[in-house]
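Colleague:
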Amino acid sequence: MNTLFYSFIFYIVVAVFTLVYMVKTGLRELGEVREKLHKKGLSLRDAFFRRRPYDFQPERPPSLKEAVKRGVIFSLFIFSFTGAAGTVMLALNLTPLKTTCQIFYAAITVALIFLPILILIYYGNQLLLKKFGEPFKEEVDSEET
1096 MNTLFYSFIF YIVVAVFTLV YMVKTGLREL GEVREKLHKK GLSLRDAFFR RRPYDFQPER
1156 PPSLKEAVKR GVIFSLFIFS FTGAAGTVML ALNLTPLKTT CQIFYAAITV ALIFLPILIL
1216 IYYGNQLLLK KFGEPFKEEV DSEET
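Going by our numbering, the first residue of the sequence shown is number 1096, and it counts up by one from there.
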């Protein structure tokens, strides 16, 4: 039972660190978007409920490195969630797996299955935003009449 407890703590610590990283990154990017919108007198509703979404960084090309980084972080979260759930199921005898090593291998397998899918989703999102998004111009258009 001691091994199960330590395994569970390991998975929870990994989950907390990855979740904190994802939330901090999301809040930082949302803050940057709100600041850019505020300069033009727009709200978040104006930015997100549009037919064509804004591309807030039109000068930045789609980055495979950024997609891989985000995919790895989310895969680590999936790994930790799967490991924690498997450890709880093992403690309650609700799984056919018999050891914590088998739970660890199952969690790694699930994370590796999702990794390329997540990378494709993140990279595809960047490509679609560049192709169909409207570049966000920070300077305020002044009309001379």
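Glycine is no exception: its CB is placed at the ideal position from the N, C-alpha and C atoms.
In this text, all values refer to a predicted model and were calculated from it rather than measured experimentally.
1) Is Arg1165 buried or exposed, if buried means 16 or more other CB atoms sit within 10 Å of its CB?
2) Mind checking who Asp1150 pairs with in its DSSP beta bridge?
3) Can you give the beta carbon distance from Ala1206 to Ser1170, rounded, assuming they're within the 8 Å contact cut?
4) Count the other CB atoms within 10 Å of the CB of Thr1240; is the residue buried (16 or more) or exposed (fewer)?
5) Pick helix, strand or coil for Ser1138, following the three-state DSSP scheme.
6) Going by alpha carbons, who is nearest to Glu1127 out of Arg1146, Phe1151, Leu1215, Arg1145?
7) To the nearest angstrom, how far is it from the Cα of Val1111 to the Cα of Met1184?
8) Quick one: what does DSSP say Arg1129 is sitting in, helix, strand or coil?
9) By DSSP, does Pro1211 sit in helix, in strand, or in coil?
10) With distance defined between alpha-carbon atoms, name the residue in Asn1188, Gln1197, Pro1211, Ile1168 nearest to Val1115.
11) Between the C-alpha atoms of Phe1227 and Phe1143, what's the straight-line distance to the nearest angstrom?
12) Along the chain, where does the alpha helix (DSSP H) that runs through Thr1190 open and close?
13) Going by DSSP in three states, Arg1145 sits in which element: helix, strand or coil?
Modeller: Per the coordinate set shown:
1) Buried is the call here.
2) Pro1230
3) The beta carbons of Ala1206 and Ser1170 sit about 4 Å from each other, so the pair counts as a contact at 8 Å.
4) Residue placement at Thr1240 cannot be trusted, given a pLDDT of 42 that sits under 50; what the coordinates show is reported in the next sentence. It is exposed - the Cβ of Thr1240 has fewer than 16 other Cβ atoms within 10 Å.
5) coil
6) Of the listed residues, the one whose Cα sits closest to Glu1127 is Phe1151.
7) Each residue's alpha carbon lies about 20 Å from the other.
8) In the structure shown, Arg1129 sits in a helix (DSSP, three-state: H, G or I).
9) helix
10) Ile1168
11) 14 Å
12) Premise fails: Thr1190 is in no alpha helix (DSSP H) and is neither H nor E.
13) coil
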